[in-house]
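First to last, the sequence lines map onto chains S and G. Just so you know, the working numbering puts 55 at position 55 of the first sequence, and the rest follows in order with no gaps. Plus 359 on top of the position in the second sequence (first one is 1) and you've got the working numbering.
2 protein chains.
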Amino acid sequence: MEISDRKRTILTAVIDEYITTAEPVGSRSIAESGLLDLSSATIRNEMAELTVMGYLEQPHTSAGRVPSPKGYRLYVNELMDRQRLSLEEAQAINESFDLKMKKLDKLMSEVGRLASSLTQYPAVALAAPVAATISRFDLIYVDGNTFIAVAMLSNSSVHNKLIHLPFSVDPGMVQRLSSVFNTNFTGIAEDKITPVLISSAERACGDTMGLVSVAAAFAIDTLGKAGQGEAYVTGASRLLRLPEFRDPDKAHELMSYLSENGHLLGLPESGESDDIQVLIGPENVARELKDSSVVLARYNAGDNIKGIIGVVGPTRMDYSGVAAKLRYIAEGLSRLLSTQEAPRGFEKLQIKEMNIGEH
Amino acid sequence: MEISDRKRTILTAVIDEYITTAEPVGSRSIAESGLLDLSSATIRNEMAELTVMGYLEQPHTSAGRVPSPKGYRLYVNELMDRQRLSLEEAQAINESFDLKMKKLDKLMSEVGRLASSLTQYPAVALAAPVAATISRFDLIYVDGNTFIAVAMLSNSSVHNKLIHLPFSVDPGMVQRLSSVFNTNFTGIAEDKITPVLISSAERACGDTMGLVSVAAAFAIDTLGKAGQGEAYVTGASRLLRLPEFRDPDKAHELMSYLSENGHLLGLPESGESDDIQVLIGPENVARELKDSSVVLARYNAGDNIKGIIGVVGPTRMDYSGVAAKLRYIAEGLSRLLSTQEAPRGFEKLQIKEMNIGEH
DNA sequence: AATTAGCACTCAGAAGGTGAGAGTGCCAAC
DNA sequence: GTTGGCACTCTCACCTTCTGAGTGCTAATT
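See below:
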C-alpha cells in the first residue's frame, strides 16, 4: 500500500513532536498544530492506518502514538528537512578547528567533545585503521646507552620512542643502523618485518647486540598501533538528561558499552556513501544499541587518514539537526587534514610566536 | 569527651555494615552481629551518644544510624583495618603493568582503567604538571619543505612534530639550526624563550625565513603541554550501579563534573604524605564532590614524573579495600617508571620480537 | 465518499489511605 | 551499668480510587 501525502505529513508531524516532547503524540495535538485543516477524528483514522502499516506504534491502547523504527527510517530518508546550521554553530565549529594542529589523537578527542557539546548527545570519534608503512626512520644518538628512534609513517604521522640499552653503542653504529633501516624497512607492511629480514639487516650493519631487533620491535609496534584504530567517547553523561535514560540500569548498560571502546571499532567498515549514515534502533547490530540510534559521518583526508565521527542517542533523536552538525564537522575535518601540508600551518605558528612575546 | 573503646567498636561495626548495605543500621543488627555481648538496648544508648558526639547521623527519627563524615574520618584514621590484597588482585595488577611500556598517556589511562575495574568505582589518573626543560633538540631533514622536530625533555619524554614549510631550506641550515638550538634552548624554562633569545638565535645561524621561530614555537608548545598535566577519567558509568546514584540527576552532576577534566587538576597539590590520602564528603572543596569521597595515591619516579591515581565514590566507600588497591598500584607504578632505564625494558623488547617471528 | 461530531470505553498514572515493620527513646527492673 | 519492655514515630509498600488523555466506532454532515 502506498503511503499518501497526507499520511506523510501526519507522520512527520508526529515525529517532530515526539522528538521534542518524548511523550506519545495524540491525534488532537496534531490537529491543533494547524499543519492540516482536519479534525482530530480524521487524523485519528489516518494514524490508525499508519499504525497498521507499521510506521507508528502504540505503547498501550488509549495512549498516543510513538514512531516505530520503520517510521523513523522513512522520516530520515524522505521526510525530514535538511537543517542548516545557525551562524553561531558554524562559528563554534570553525573556532574549535582553528585552535591548533594538535597531535592526531588530541584532535580526535577534541572533535568528539565538540560534536557532543553541539548535539548534546554522547559522541564517538573513531580513527579508522590504516595500513601504514614506514616512510622514514631515524635514530638520534643521545649518549652511549640511550637513543631516540623516530619513525615517520606513510600517513605523515611521526612516532618516537626513547630507548635505553644495558650496554653502550658507538655513534658510528647508530648511523649505520639508521641507514640500513631506511633502505630495508621503509615502504613495507608490518607483517613483512620478519626475523629473516632482521637478521639480514643485522649482518648488513654488523650488529651483534640485538640493536636491530630493538629498533625493529619499535617499528612493528608503531605500525601496529597505527593499524589499530582508536575510539574516543565524549559526553556520555549527557545520556542521563534524556527521559529515556532516567532508568539508571538502561543508562548504565549503554554507557558501559560505549566506554569499552573496543566495541565501537566494529561500526566503521559498513556503508560507503560519503554522506551521513543513520542507524536506527534495531538496525544496529549490537544488542546494547537496539533502543538507540547512531548517526555517523565519515571524514577522510588524502586516502591516508580516515575516520568516523558519530553521535549516539535515543531513537527519538533530532536527526536532522545532528546530521547537519556532523556533516559540517566532518567536512571541516577533511579540509583541515588535507590542507595540513599547506602554508597555513606555518603562518599560524608564526603568529602564535608573536603572541607569546607580548605577555 | 573521650570516645570509649566500646564506642569505637560500635562505630566500626556500624560503618562496616553501612558500607556493604547502604541502608541505615539499627541497633539490633549490631547486637546480633555477635561482635559485642550486649543487648540492643545498650547499643542503642551508645549509638545515641555517638549521634550526639557527631559520629553518626539519623536520616529521621526511627530510622537506623548512618555514619557522618566525622565518623568516616575517625574510621579511616584509626579504626579500619588495613586490608591486604588477595593474590588474584595483586596478580591482575602485575599483569597489567607487564603489558608494555606504552607512551605515558596510554599507560596512565590504562592504569586508570585498572584501578576502576579493581575497585568498581570511577577512577581518575592525573599526571602532575612538571616544570620541564628541553634537554635535547634535533631536526631531521625529510625534504626541502619538510622536517621533523624532535625534543627530548628533562623528564625523559620525547615529543615530535612534522613541520611543513612554504619554502625550501637546505640541509646545511637544518644542521646549523639544530646545533644552535641545542646550545641556546636547552635547560631553560618555557618562559625564558623570549623573542630576544629567538632573534639572537636567528642571527647565530643566519636564518632569515623564520625557521627559528617555527622551531621555538614547537619548543614552547611542547614545554607548555608537559607543564599542564592531564587527567583521565575511567569507568564513570560504574556510578550508576550504586544506590546513592540511582537518581539520574545526582549521577549526572557528578559524572559531568568528572568528565570536565580541567576540574580534577585542582586536586593534586595538597597533601604531602607518601601514603594514601582520603577526602571525605564535605572535606572536598568542589561542591559537586560534597557527597562523595575521593581516595588518592601518589606515585612518583625520579622527581620528574609525578602523578596521582584516585578513585571517586560515595562517602560509604570501601575505604580499606580501595586504599589497599591504590597503594599497590601506585607502588607498582613508581617502581615501573623509575626502572624504565634498567635492562628490563630491553629484554622485554627482545622477547616481544621473538614472539612476532613465530606466528 | 470523505469528514466530522459525539460518545462509550480503556488505561496509565496521580492522589490518597492504610498497615506493617523497623527502629527509636525511655523507664523500671535486674 | 545493663537489660527487657513498651509506647511512639516514621517510611515504605501496597491498595484503591479517580482523573484525564486518548482511542475506536458510529451516525450525521458535507
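Yeah, the Cβ is synthetic: ideal placement off N, Cα and C, and Gly gets one too.
Identify the continuous alpha helix (DSSP H) that holds tyrosine 257 of chain S and give its terminal residues.
-> 248-259
Would you be able to state if there are at least three C-beta pairs under 8 Å between the stretch 128-138 of chain S and the stretch 146-156 of chain S?
-> yes
Chain S contacts made by the stretch 582-601 of chain G, where a contact means CB separation under 8 Å | Thr593, Gly594, Ala595, Ser596, Arg597, Leu599, Arg600
Where histidine 263 of chain S meets chain G, residues with beta-carbon distance less than 9 Å | By Cβ distance, chain G contributes nothing, its closest Cβ being about 13 Å from histidine 263 of chain S, past 9 Å.
Sorted by chain position, which residues of the same chain lie with C-beta nearer than 8 Å to asparagine 184 of chain S's C-beta, five sequence neighbours on each side aside?
-> Leu197, Ser200, Ala201, Ala204
Backbone secondary structure at glycine 503 of chain G - three-state DSSP | coil
Same chain, Cβ closer than 6 Å to lysine 665 of chain G, neighbours up to 5 away in sequence not counted = Ala487, Asn659
Cα-Cα separation between arginine 241 of chain S and histidine 252 of chain S, rounded to whole angstroms | 13 Å
Residue interval of the alpha helix (DSSP H) (run including glutamate 46 of chain S) | 40-53
Check the Cβ-Cβ distances between proline 122 of chain S and every residue of chain G, and say whether any is below 8 Å.
-> no
For the candidate residues S/Pro282, S/Glu244, S/Ala286, S/Val233, whose alpha-carbon lies nearest to that of glycine 310 of chain S?
-> S/Val233
Count the other CB atoms within 10 Å of the CB of valine 14 of chain S; is the residue buried (16 or more) or exposed (fewer)?
-> buried
If we count Cβ pairs, one from each stretch, closer than 8 Å, do we get three or more for the stretch 412-427 of chain G versus the stretch 383-395 of chain G?
-> yes
Per DSSP, which residues does arginine 65 of chain S bridge with? Please list them.
-> S/Val25
Compare the C-beta of leucine 498 of chain G with all C-beta atoms of chain S and state if any pair is closer than 8 Å.
-> no
Which chain S residues are close to asparagine 519 of chain G, counting only those with a beta carbon under 7 Å from its beta carbon?
-> Val150, Val158, Asn160
Threonine 379 of chain G to serine 596 of chain G span [Cα, whole Å] | 20 Å
Using a Cβ-Cβ distance under 8 Å, would leucine 171 of chain S count as near chain G?
-> Per the sequence presented here, residue 171 of chain S reads as proline, with leucine not at that position. Proline 171 of chain S does not count as touching chain G.
Just how far apart, CA to CA, sit serine 29 of chain S and leucine 333 of chain S?
-> 41 Å
Hey, would you say serine 537 of chain G sits closer than 8 Å to aspartate 497 of chain G, going by beta carbons?
-> yes
Could you name the residues of the stretch 417-443 of chain G whose beta carbon sits closer than 9 Å to any beta carbon of chain S, in the order they occur along the chain?
-> none
Is the Cβ of arginine 605 of chain G closer than 8 Å to any Cβ of chain S?
-> yes
What residues are listed by DSSP as bridge partners for phenylalanine 137 of chain S?
-> S/Ala151
Name, please, each residue of chain G whose Cβ falls closer than 8 Å to the Cβ of methionine 255 of chain S.
-> Ala595, Ser596, Leu599
Could you work out which residue in G/Arg535, G/Gly680, G/Gln534 is closest to valine 435 of chain G when comparing CA atoms only?
-> G/Gly680
If we call anything under 8 Å between Cβ atoms a contact, is isoleucine 43 of chain S one with isoleucine 93 of chain S?
-> no
Would you list the one or two residues that DSSP bridges to alanine 125 of chain S?
-> S/Tyr232, S/Ile309
Straight-line gap, isoleucine 507 of chain G to glycine 144 of chain S (C-alpha atoms, nearest Å) | 23 Å
What are the start and end residues of the beta strand (DSSP E) that includes isoleucine 192 of chain S?
-> The residue you asked about is not isoleucine; residue 192 of chain S is lysine in the sequence shown. Note, lysine 192 of chain S: premise wrong, no beta strand (DSSP E); not H, not E.
Can you tell me whether DSSP reads lysine 720 of chain G as helix, strand or coil?
-> Residue 720 of chain G falls outside the range modelled here, since chain G spans only 360 to 718, and no answer is possible.
Run down chain S in chain order and give the residues with a C-beta less than 7 Å from the C-beta of arginine 495 of chain G.
-> Val142
Which residue from G/Leu695, G/Leu685, G/Leu696 puts its Cα closest to that of arginine 441 of chain G?
-> G/Leu685
Which term fits glycine 471 of chain G, buried or exposed, when burial requires 16 or more other beta carbons within 10 angstroms of its beta carbon?
-> buried
Buried or exposed (CB count within 10 angstroms, at least 16 for buried), lysine 290 of chain S = exposed
Can you find a C-beta in chain S that's less than 8 Å from the C-beta of alanine 610 of chain G?
-> yes
Can the beta-carbon of alanine 574 of chain G be found less than 8 Å from the beta-carbon of phenylalanine 526 of chain G?
-> no
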